[in-house]
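With the working numbering applied, the sequence shown covers 3 to 484.
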Amino acid sequence: MADHRVKTYTGEETIINAEAFDKLKGRIRGRVLTGESEQYDEARKLWNAMYDKRPAIIVRCASAADVMHSVAFVGEHRVLVAVKSGGHHIAGNGSCDGGLLIDLSLMKSVHVDAQKMTARVEPGVLLGEFDHDAQAFGLATPLGINSTTGVAGLTLGGGFGWLSRRFGLSIDNLISAEVVTASGELLKVSETENKDLFWGIRGGGGNFGIVTCFEFRLHKVGPEVLSGLIIHPLDAAKDVLRFYRDFMKTTPQEFVCWFVLRKAPPLPFLAPEWHGKEILALAVCYSGSLKDGERIAKPLRSFGKPIADIIGPMPYVGWQTILDPLLTPGMRNYWKSHDFKEVSDGLIDTLISFARKIPDPQTEIAFAQLGEGVTRIPKEATAYTHRDAAFVMNVHGRWDNSANDSKCIGWARELFNEATPYATGGAYVNFLTQDEQDRVRAAYGSNYDRLVSLKKKYDPNNLFRLNQNIETASKQGISKVA
Ligand SMILES: Cc1cc2nc3c(=O)[nH]c(=O)nc-3n(C[C@H](O)[C@H](O)[C@H](O)COP(=O)(O)OP(=O)(O)OC[C@H]3O[C@@H](n4cnc5c(N)ncnc54)[C@H](O)[C@@H]3O)c2cc1C
3 MADHRVKTYT GEETIINAEA FDKLKGRIRG RVLTGESEQY DEARKLWNAM YDKRPAIIVR
63 CASAADVMHS VAFVGEHRVL VAVKSGGHHI AGNGSCDGGL LIDLSLMKSV HVDAQKMTAR
123 VEPGVLLGEF DHDAQAFGLA TPLGINSTTG VAGLTLGGGF GWLSRRFGLS IDNLISAEVV
183 TASGELLKVS ETENKDLFWG IRGGGGNFGI VTCFEFRLHK VGPEVLSGLI IHPLDAAKDV
243 LRFYRDFMKT TPQEFVCWFV LRKAPPLPFL APEWHGKEIL ALAVCYSGSL KDGERIAKPL
303 RSFGKPIADI IGPMPYVGWQ TILDPLLTPG MRNYWKSHDF KEVSDGLIDT LISFARKIPD
363 PQTEIAFAQL GEGVTRIPKE ATAYTHRDAA FVMNVHGRWD NSANDSKCIG WARELFNEAT
423 PYATGGAYVN FLTQDEQDRV RAAYGSNYDR LVSLKKKYDP NNLFRLNQNI ETASKQGISK
483 VA
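Below is the structure:
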């Protein structure tokens, strides 16, 4: 067995000799892969095709013990480490060049306790897998809107979706977790055990350790929810969005409506003459009774002259996959995001003018609606601080040909700049791209100093740095690896 050249977290190269490598292999119940291994390409693949990274070693963990051994190994050899669960992060931090990737994607257990209405979830579980298992008991917890996203990364940054206006962020439903810290130790964290770390992992991303188990509180949802799309031509968007923002104030917390501006895909329920034309799509989900939902949604459905309305009862698990075809893996993606307190007239005009010049049929401007479930929790209660954001815009720059990189990236940046005067200045760690390191501090906001103290306590050498990093190490003379 040959030696392995591996990058360290200080940017140098180190040699892992055959003996050390075999020792690691001997300790791992899952698999240890290198460039020649069969599963290597599958294990290193990320959702965003802008990143094609080649780790020197990949540990496909089967258990928390595998994670502990991997962390002890990277700590001992000062190896650059990346952590991957669902592999969806836009910045491509779920892998690395030349270092060691701790791949958690095969840790897929979901254990639902229907009586206690809780679930214990391993980090490799994807949203659709979680919903499948929880909905077998008529239960759910707030997660995101794309079924192939990882529960782990989404939760550690905050996590919001169709149930957040009612039940809060994913982290607001986290009861406890198990975390392997930089010392290789596994700690249970909750409101009563290692409380400071429990606070930090709820919004602080992967900065403090590797979560090997999440325990969530569940809620009764479905099995059917009133949900679907209302589609208007872009020419009607100004009136519809002005109506929308006033109408939403009259609706209860069970009612959520996100919106998307894009070119119409060839959807079977849209007349062919609309395919490829710019549209506004309202995506509605009411998680209360179907009857109440029909009544509450009526004014929104009656407004203007929609070109399609496909709202009706739908299985919750089906609704959770409704946007999957627009967000498939393997495309080039560049995102820009902003938080807003309101959808003002000026913002609406800006959105419409940029929607008229969308550079690629896959590119879209998506608006998530948050609300009472998120704002009722004090911003100091968890590391996620921007609870005042009622809406989060995510400009999904998406295309497939690298020749279009500068056109699509340029459009997204320009829109971001034009929308800045209407935004709060906050940011969501889970939406930050690789070139937005200058926004990381804004993303952690008023909680930043407390996060720095926690980082010093649990990861003083900044072992976990391939994330939206809370830097302490660079101030101590250790340079940050790009
Ligand atoms: C198509 C799409 C739709 C999305 N929709 C939503 C949405 O509706 N709501 C929302 O809130 N977000 C959404 N997001 C953003 C999403 O929350 C982030 O991309 C998140 O990082 C995905 O988690 P992951 O496990 O798939 O990613 P990964 O790339 O595997 O992980 C992201 C980062 O989290 C850290 N990490 C991952 N697992 C662990 C772990 N077990 N322990 C410690 N650190 C870990 C690592 O730093 C890693 O780099 C969406 C993203 C995509 C691509």
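The beta carbon of each residue, even a glycine, is placed where N, CA and C say it ideally should be.
Report task. Could you name the residues of the same chain whose beta carbon sits closer than 7 Å to that of Pro144, not counting the 5 residues immediately before and after it, in chain order? Result -> Gly161, Phe162, Gly163, Leu165, Ser166, Phe169, Gly170, Leu171, Ser172 and Asn175
Query - For Phe216, the first and last residue of its enclosing beta strand (DSSP E) - result: Ile212 to Arg219
Query raised in the report: Is DSSP giving Asp115 helix, strand or coil here?
Result: strand
Requested in this report: Determine the burial state of Gly313: buried for a count of at least 16 other Cβ atoms within 10 Å of its Cβ, exposed for fewer.
Outcome: Per the sequence presented here, residue 313 reads as Ile, with Gly not at that position. Answer is buried; the Cβ neighbour count reaches 16.
Query raised in the report: Does DSSP classify Pro301 as helix, strand or coil?
Result: helix
Query raised in the report: Quick one: does the C-beta of Asn19 sit closer than 8 Å to a heavy atom of ligand 1?
Result: no
Requested in this report: Give the secondary structure of Met1 by DSSP, where H, G and I count as helix, E and B as strand, and everything else as coil.
Outcome: No statement about residue 1 is possible, as the shown extent of the chain runs from 3 to 484 and does not include it.
Query raised in the report: What's the C-alpha gap between Arg452 and Gly202?
Result: 9 Å
Report task. Using DSSP bridges, identify the partner residues of Gly207. Result -> Answer is none; Gly207 lacks a bridge partner.
**Report entry** Whether Gln364 touches Asp402 by CB criterion (9 Å)
**Finding:** yes
Query raised in the report: When every heavy atom of ligand 1 is checked, does at least one fall within less than 8 Å of the C-beta of Lys47?
Result: no
Query raised in the report: Candidates Thr214, Ile104, Ala22 and Asn419: which alpha carbon is nearest Arg500's?
Result: The structure shown does not extend to residue 500, since the chain is modelled only from 3 through 484, so no value can be given for it.
Query raised in the report: Can you list, in chain order, the residues of its chain whose CB lies under 8 Å from that of Asp1, leaving out five sequence neighbours each side?
Result: With the chain running from 3 to 484 in the structure shown, residue 1 is simply not present.
Report task. On a CA-only basis, which of Trp260, Glu366 and Ser346 is nearest Trp337? Give me that one, please. Result -> Glu366
Requested in this report: Quick one: residues in its chain with C-beta nearer than 8 Å to the C-beta of Ala66, no 5 flanking neighbours on either side, listed in chain order?
Outcome: Glu180, Val182, Leu188, Thr214 and Cys215
Query raised in the report: Smallest Cα separation from Tyr446: which of Asp198, Ile350, Glu15 and Ile472?
Result: Ile472
Query raised in the report: Should Lys381 be counted as a contact of ligand 1 given a C-beta to heavy atom distance under 8 Å?
Result: no
Requested in this report: Flag Pro125 as yes when its Cβ comes closer than 8 Å to any non-hydrogen atom of ligand 2, and as no otherwise.
Outcome: Ligands present in the displayed structure are limited to ligand 1, and ligand 2 is not among them.
**Report entry** Of the listed residues Ser289, Leu284, Gly290 and Leu292, nearest to Ser304 (C-alpha basis)
**Finding:** Leu284
Requested in this report: Taking Ala184 as the reference, give the member of Ala51, Cys98, Val85 and Leu372 with the closest Cα.
Outcome: Val85
Query raised in the report: Any heavy atom of ligand 1 within a distance shorter than 8 Å of the CB on Asn449?
Result: no
Requested in this report: Count the other CB atoms, across all protein chains shown, that sit within 10 Å of the CB of Ile147; report buried if there are 16 or more and exposed otherwise.
Outcome: buried
Query raised in the report: Based on Cα-Cα distance, which residue from Gly306, Tyr288 and Val262 lies nearest to Leu328?
Result: Val262
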